[in-house]
Structures are given as structure tokens and as C-alpha cells.
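Quick note: the sequence shown uses this note's numbering, first residue 48, plus one each step.
We put the CB at the ideal spot given by N, CA and C, even for glycine.
Please read these numbers as outputs of a predicted model, since none were measured by experiment.
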Amino acid sequence: QNGLVCLAVSGDKSNVSEARLNDLGEEESSLKIEDLLRKLGLEGKYEQTLSRTHFLDLSPSLKEESNKEKDLVNIFMQRLLTTDYKARHLSVKSEPRITKSQQAAGKAGFDALFEKKDLSTDKKQSQSHPMDVQMAVFLCSDPFLQQIIVTKLSQCQYAVPLLVPNPFTGNIEFPLWTIRQISKTWRTTDTSGRVTSKTLPMYKAETPMVVFFRIGSISSSKSQLMNRLINEKHDTFFHRYCPGSSRERLLMDGVVEIAWYLPSGKGSDHFSDCVAFCNLHGDSSIKETQTKILTEMSSVNVVLLHKLDRNDKNMVIVKELCEVSTPLIVILTEEEDEGEDDVYEIGDRKYRVSLKGRNQSDVSVVLKLIKNCLSEQPVTFSLEKIAEHSEIQVDENNKDCQRGKEAAQEIMRFLKGEDPPTVKEKDLPCQGKLWHEWSQKNKDLHCLKSNNIEIEERRKQGEMREIRRKQQNHGFTELIVSFKPECICTAQNNNLLHQLLLLFAPTCFHNRKRTYIYYKWINLFLSYHFLIIVLSWHLVIRL
């Protein structure tokens with residue numbers, strides 16, 4: 048019994064010490080993040096949040112390179128808002144430091160070559176990582192600025208954040224509402240060789256998902272490998288060899304980024320249809336929640352390992368991936384297969400491939416394996432399905448956003464099931480036949496051809512007044528009643544744009560945020576609604 052008690056106490060001490068180490072690690076990480084925000088001039092901005100006005104106001108243009116890290120945020124945003132594909136190439140201009148050893152004084156150059164630096168010399172403070180700048184701005188922004196950032200990142204052909212660990216709250220956030228603005232166009236090629244153009248908002252797209260993640264530390268760059276699969280001429284994912292990259296990064300660990308391969312319908316396409324590529328940054332053995340969500344929804348799992356070690360506790364993850372039906376590709380970065388074959392098949396659509404001794408720019412083997420895995424009716428996913436996971440916090444699951452969505456859906460209820468001319472005639476009668484007649488009378492009024500112009504002018508004006516009376520007799524239809532509220536004017540809301548928006552916003556919306564959210568939802572729903580109508584017209588014309 049004494050032995051058991053001692054073991055229990057020893058175990059408790061071990062758990063306590065491990066917990067303390069975790070607390071110390073979290074505290075150190077928090078201090079580093081606070082220091083990063085201070086260097087970037089974003090201290091306190093998480094509570095106050097950045098808005099569009101911080102960056103859309105007219106201000107002097109900053110130089111390409113600055114001597115201050117506080118300028119990096121504005122440089123990044125200025126480039127991003129102008130859709131500059133070099134937006135993430137951030138660096139602080141500095142002169143190289145030359146250290147002269149006291150011990151090497153008077154020695155020949157060759158002898159001084161072997162002298163080590165004085166450890167007491169102050170270490171050079173590392174520059175903020177460009178992706179830390181991007182994520183710091185993103186985390187400190189309000190939902191509308193976040194939507195602009197993500198939309199511009201997509202337009203610059205950059206990957207966009209999909210799952211974001213929030214260091215301030217500890218939650219893993221899914222910015223679904225932020226991503227809803229992204230639309231893409233691509234061309235698919237069927238088995239007969241016929242090319243079809245597609246345009247869709249990406250939250251509606253059902254595509255295969257190829258997930259890349261690493262276990263432990265590896266010498267090769269996972270993000271660079273993915274870039275060569277998607278677009279070898281452009282750094283879709285930021286990697287260690289990009290300009291401005293530094294060894295230490297704070298806010299990217301655990302972030303999942305997504306990018307889409309969009310075929311052009313040409314013979315040089317890697318894939319015949321749109322494919323989503325997801326990149327989990329950091330060690331996936333530690334990021335259990337992100338790994339679980341991605342592997343449950345993926346069409347192909349690609350795991351990068353330093354080398355195989357059966358005794359490694361992280362092999363449990365690889366074992367689980369081998370046991371499920373999802374195709375798996377295990378890439379070894381530092382272990383070479385003894386056989387001459389490039390690929391070793393370890394199961395049904397499960398492969399092992401070694402990169403050691405291979406040209407790092409040659410991804411043809413990995414590309415061929417992914418295409419093979421996707422050839423047999425792969426599982427598809429949509430962004431909206433990710434929101435069903437309870438482990439993550441979805442940005443649009445808040446009161447304001449849901450309220451705006453419900454109000455926008457109420458408007459869309461009048462448009463569904465009917466063609467636009469019918470809706471216009473029924474719900475907007477003043478803009479139909481009567482408006483056309485009034486416009487024609489007004490046109491004739493300015494080019495009178497009668498012998499008695501004054502009498503003709505009075506007659507036309509009388510007819511126009513009669514048309515106006517008929518328009519007024521129609522009153523408000525149900526659609527207009529649901530859309531037009533009472534005018535809300537308060538002393539604090541004296542912004543002209545706000546007044547105009549409030550004039551037409553639902554009566555329940557008493558602040559600017561809710562008004563903008565409502566109009567964003569209206570824009571999303573209408574864009575998709577009329578996109579489907581236009582596509583149906585094209586289909587009828589083709590048939």
C-alpha cells in the first residue's frame with residue numbers, strides 16, 4: 048500500500064510539474080505575442096478592433112522598405128488593397144552588424160576564422176515574420192475588414208485562413224462568413240474532352256480536398272512542395288524561402304490555410320476539375336483538433352515524415368490513417384527506400400515515397416499519386432460542412448450575423464420559384480409598364496412636334512401626372528414592406544452613408560454593424576440567385 052501511495056504521489060507530482068511547464072510555456076507565448084503586437088503598433092487593437100477606415104483613409108504612401116516595424120502593417124495593407132501579389136514580401140531595412148572579436152585582434156585572417164563570437168554580445172532581434180504581420184492584422188480586425196483581407200488574399204492568388212487558433216480566446220475559429228465573398232471561375236474537362244466553364248462562390252463548391260500535414264520536424268518545406276503542385280510560378284503558400292521569412296513565427300502555428308487549384312481547360316492542367324488544398328501549419332501530432340477535422344473530410348491525406356520509426360509515439364497517427372479508407376501518401380524527407388522503385392504501395396490507394404536524393408523541384412511522382420487517388424469518385428467537401436463540427440467557433444454564429452441572415456432570407460423568399468420579370472411585375476409594379484409609359488411621355492415632352500406646342504405640353508404633363516397617380520395607388524407591396532423600415536435617425540448616427548443605409552434597412556437594425564451585415568447577406572444571396580438564373584439561360588441557349 049505504501050508503494051502504491053508513493054507511486055500515486057509521484058504521479059501527481061509529475062502531472063503537476065507538467066502542468067506548470069505548460070502554463071509557463073503559454074505565459075511565455077503570450078508575452079511574445081504581446082511584444083509582437085507592440086512592435087507592429089497593434090497593442091490594444093484586439094479589444095478595439097481595426098476597421099476599414101484605418102486603411103481606406105487617404106494617407107501618404109509608404110516606402111517599399113521601412114526602417115520601422117510599425118510600418119509593416121500599413122505597407123502590407125496598402126499592397127493588399129491594391130491587389131499587389133508581393134504584398135507578403137515584407138522586410139525592415141537595416142545595416143548588417145559586424146562583430147569584431149577581441150581575442151582575434153592581431154591574429155592572421157586564417158586563425159581568426161576559427162574564433163567564436165563572444166557569447167556576451169547582444170543577440171540581434173529577429174524581424175517579425177510576414178505571416179505574423181498578416182495574422183496579427185486579421186485577428187485585430189472587425190468582420191468587415193477581415194472579409195476584405197481574405198477576399199484580397201484570394202485575388203492575389205494567396206491561400207486564405209480556414210481554421211485559426213485565436214491566441215486571445217484559446218478558441219479555434221472558422222471564418223465562414225469572411226470567406227463567403229470569394230468566387231472563382233475555372234474550366235473542367237470531362238472524359239470526352241469537352242470543356243465546361245464554371246463560376247461559383249467557393250462556399251457552394253463541392254470539391255475534393257487534399258490535406259498536407261507534417262509529423263515532427265522535417266528538413267523539406269511542405270508549403271513549397273504544395274506550391275509546385277498548384278502553381279510553380281507563384282507562392283500560394285508562404286514558405287521558409289520566401290523573401291522576408293524568418294526562423295521564428297508566433298501566430299501561424301496550428302493555422303490551416305486553403306487554396307484551390309483552378310484548371311484552365313488546357314492540356315497542361317494538373318487536374319481536370321477544381322481541387323482544394325489544405326495546409327496545416329505546425330506539428331499535426333500536437334494540433335489534434337485541426338488534424339481530426341481535416342482527416343474526417345479529406346479526399347487524400349498527405350503526411351510528411353522525417354523518417355519511419357516504429358517506436359515513435361506519433362506513429363499512432365499514421366497507423367490510424369492507414370486503417371481508414373481515405374487514400375494516404377506518406378512522404379519521407381530523410382529516409383531513402385532501398386528498392387529502385389520510386390513508389391512503394393502499402394495498401395489500397397496508400398503509398399510511400401521518399402524525397403531523399405530526389406530533385407526537390409520535381410513533384411511529378413507526388414502529383415501522379417494524388418491524381419491516381421482522385422481518379423475513383425473521391426469524397427467531396429464544402430466549406431459549410433466544416434461549420435457542423437462542434438470543436439470550432441464559427442464567425443457567423445453570433446446574434447448580429449444570424450439576425451442579418453434571417454432578414455436577408457425573408458427578402459429572398461419573394462424571389463424564389465419565379466423569373467425576374469414576374470417578380471418585378473408583381474412586387475415592383477411602379478417599375479414595370481407604368482414606369483415605361485412615364486419615361487416615354489417624359490421623352491416625348493422634350494421633343495414636341497405639334498403645331499400648338501403649349502397645348503401638347505400641358506396634355507403630356509397631365510398624362511404623366513395620371514401615371515404618377517396610378518403608381519401611388521399601388522402602395523407598398525409585401526416585398527417593399529419587409530424591406531423598408533422606419534427612418535432611424537439618432538444624434539450619434541450622423542454619418543450620411545449610415546443614414547441612407549438605415550433608411551432602407553430592417554426596423555430591427557439600430558446600429559451600423561447590423562446594417563452592413565444585412566446588406567452583405569443580401570449581396571451574397573442575390574449574387575448566387577442571379578448566377579443560377581444566368582447559368583440556366585446559357586444552358587437553354589446551348590440546348
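Leu127 versus Val412, Leu186 and Leu192, residue with shortest Cα-Cα distance: Stepping through the sequence shown from its first residue, residue 127 is reached at position 80. Nearest C-alpha to Leu127: Leu192.
Secondary structure at Ala306, three-state DSSP: helix, strand or coil? Numbered from 1 along the sequence shown, position 259 holds the residue referred to as residue 306. Ala306 falls in the strand class under three-state DSSP.
To test your reading of the DSSP string, which unbroken alpha helix (DSSP H) runs of 4 or more residues are found completely within the stretch 328–355? 335–344
Suppose only complete runs of 4+ residues qualify. What are the alpha helix (DSSP H) ranges in the stretch 215–258, listed by chain order? 223–226
Report the CB separation of Phe185 from Asp442 in whole angstroms; it is logged as a contact under 8 Å. Taking the sequence shown and counting its residues from 1, one reaches residue 185 at position 138. Taking the sequence shown and counting its residues from 1, one reaches residue 442 at position 395. Actually they are not in contact, since the Cβ atoms of Phe185 and Asp442 sit about 11 Å apart, beyond 8 Å.
Do you know offhand how far Glu510's Cα is from Ile527's? The residue given as residue 510 occupies position 463 in the sequence shown. The residue given as residue 527 occupies position 480 in the sequence shown. Straight-line Cα distance between these residues: approximately 26 Å.
So which of Met256, Thr469 and Glu116 has the shortest CA-CA distance to Arg85? For the purposes of this step, residue 85 is taken as residue 38 along the sequence shown, with counting starting at 1. Nearest of Met256, Thr469 and Glu116 to Arg85, Cα basis: Glu116.
Does the stretch 304–312 come close enough to the stretch 334–341 that 3 or more CB-CB pairs lie under 8 Å? no
With which residues is Tyr391 paired in a DSSP beta bridge? As a position in the sequence shown, residue 391 is number 344, starting the count at 1. Answer is Arg399, bridged to Tyr391.
Based on the DSSP output, what are the partners of Asn326 in its beta bridges? Position 279 of the sequence shown, counted from the first residue, corresponds to residue 326. BP columns for Asn326 point to Phe259 and Glu304.
Distance cut-off 8 Å: Lys115 Cβ against heavy atoms of the ligand GTP: Ligands in the displayed structure: none, and consequently the ligand GTP is not present.
Cβ neighbours of Lys245 in the same chain (closer than 8 Å, five flanking residues each side left out): Taking the first residue of the sequence shown as 1, we reach residue 245 at position 198. Thr232, Trp233, Arg234, Thr235 and Cys321.
If you check the beta carbons only, do Gly291 and His136 fall under 9 Å apart? On the sequence shown, residue 291 is found 244 positions in, with the first residue counted as 1. On the sequence shown, residue 136 is found 89 positions in, with the first residue counted as 1. In this structure, His136 lies closer than 9 Å to Gly291 by Cβ.
Please classify Gln518: does DSSP put it in a helix, a strand, or coil? As a working mapping, residue 518 is identified with position 471 in the sequence shown. Reduced to three states, the DSSP call for Gln518 is helix.
Excluding the 5 residues flanking Leu223 on each side, which residues of the same chain have their C-beta closer than 8 Å to its C-beta? The residue given as residue 223 occupies position 176 in the sequence shown. Hits under 8 Å: Tyr250, Leu430, Glu431, Ile433, Ala434, Val441, Asp442 and Glu443.
Val377 and Val350 - do their beta-carbons sit closer together than 9 Å? What you label residue 350 is simply residue 303 of the sequence shown in a count that begins at 1. What you label residue 377 is simply residue 330 of the sequence shown in a count that begins at 1. Cβ atoms of Val350 and Val377: closer than 9 Å.
The stretch 417–426 / the stretch 250–262 touching (three or more Cβ pairs under 8 Å): yes
Val410 lies in the alpha helix (DSSP H); which residues open and close that run? By one-based count along the sequence shown, residue 410 stands at place 363. Val410 -> no alpha helix (DSSP H), and no H or E assigned at all.
Since Leu97 sits in a beta bridge, which residues does DSSP pair it with? Residue 97 sits at position 50 when you count from the first residue of the sequence shown. Bridge partners of Leu97: Ser188.
From the DSSP output, in three-state form, read off Lys133 for me. As a first step, residue 133 is located in the sequence shown; it is residue number 86 there, counting from the start. Here Lys133 sits in coil by DSSP.
Count the other CB atoms, across all protein chains shown, that sit within 10 Å of the CB of Asp356; report buried if there are 16 or more and exposed otherwise. The residue labelled residue 356 in the question sits at position 309 within the sequence shown. That one is exposed.
Indicate whether Val242 and Val180 have their beta-carbon atoms separated by less than 9 Å. Locating residue 242 in the sequence shown gives position 195, counting from the first residue. Locating residue 180 in the sequence shown gives position 133, counting from the first residue. Going by C-beta atoms, Val242 is not nearer than 9 Å to Val180.
Output needed for Leu200: all residues of its chain with C-beta closer than 6 Å, excluding positions within five of it in sequence on either side, in chain order. Numbered from 1 along the sequence shown, position 153 holds the residue referred to as residue 200. Counting only Cβ-Cβ distances below 6 Å, and skipping sequence neighbours, we find Val207.
Would you mind reading off the limits of the alpha helix (DSSP H) that contains Pro208? Translated into positions along the sequence shown, residue 208 becomes position 161. Premise fails: Pro208 lies in the beta strand (DSSP E), Val207 to Pro212, not in any alpha helix (DSSP H).
Would you decide whether Gln449 is buried or exposed? Buried here means 16 or more other CB atoms lie within 10 Å of its CB. Numbered from its first residue, the sequence shown carries residue 449 at position 402. Exposed is the call here.
Looking at the structure shown, is Val441 part of a helix, part of a strand, or coil, going by DSSP? For the purposes of this step, residue 441 is identified with residue 394 of the sequence shown, where counting begins at 1. Strand at Val441.
The alpha helix (DSSP H) with Ile38 in it runs from where to where? Any answer about residue 38 is impossible in this case: the structure gives the chain only from 48 up to 590.
Would Ser598 and Arg294 be called neighbours here (beta carbons separated by less than 9 Å)? Examination of residue 598 is not possible in this model, given that the chain is present from 48 through 590 alone.
Just how far apart, CA to CA, sit Ser77 and Asn218? By 1-based counting over the sequence shown, the position of residue 77 is 30. By 1-based counting over the sequence shown, the position of residue 218 is 171. Distance between the alpha carbons of Ser77 and Asn218: 15 Å.
Give every residue of the same chain whose Cβ lies closer than 7 Å to the Cβ of Gln539, excluding the five residues on either side of it in the sequence, and list them in chain order. To locate residue 539, count along the sequence shown from 1; it is residue 492. Interpretation of Gln539 is limited by its pLDDT of 37, a score under 50 that renders its predicted location unreliable; the figure taken from the coordinates is listed afterwards. Closer than 7 Å at Cβ, skipping near neighbours: no residue.
Helix or strand or just coil, what does DSSP make of Ser175? For the purposes of this step, residue 175 is taken as residue 128 along the sequence shown, with counting starting at 1. Three-state DSSP puts Ser175 in coil, outside helix and strand.
In this structure, what does DSSP give as the bridge partners for Ile378? Counting from one through the sequence shown, the residue named residue 378 turns up at place 331. Paired residues: Leu351 and Val400.
Of the choices Ile393, Ala454, Leu210 and Gln228, whose alpha-carbon is the least far from that of Arg561? Looking up residue 561 in the sequence shown gives position 514. The shortest Cα separation from Arg561 among Ile393, Ala454, Leu210 and Gln228 belongs to Ala454.
DSSP state of Asn541 mapped onto helix, strand, coil: Stepping through the sequence shown from its first residue, residue 541 is reached at position 494. For Asn541, the predicted structure reports a pLDDT of 38, less than 50, and the residue's modelled location is therefore unreliable. The matter cannot be settled from this model.
Out of Arg99, Leu276, Phe577 and Leu89, which has the shortest C-alpha to C-alpha gap to Asp118? Residue 118 sits at position 71 when you count from the first residue of the sequence shown. Out of Arg99, Leu276, Phe577 and Leu89, Leu89 has the C-alpha closest to the C-alpha of Asp118.
Inter-residue spacing [alpha-carbon to alpha-carbon] between Ala183 and Leu97: Looking up residue 183 in the sequence shown gives position 136. Looking up residue 97 in the sequence shown gives position 50. Going from the Cα of Ala183 to the Cα of Leu97 covers about 11 Å.
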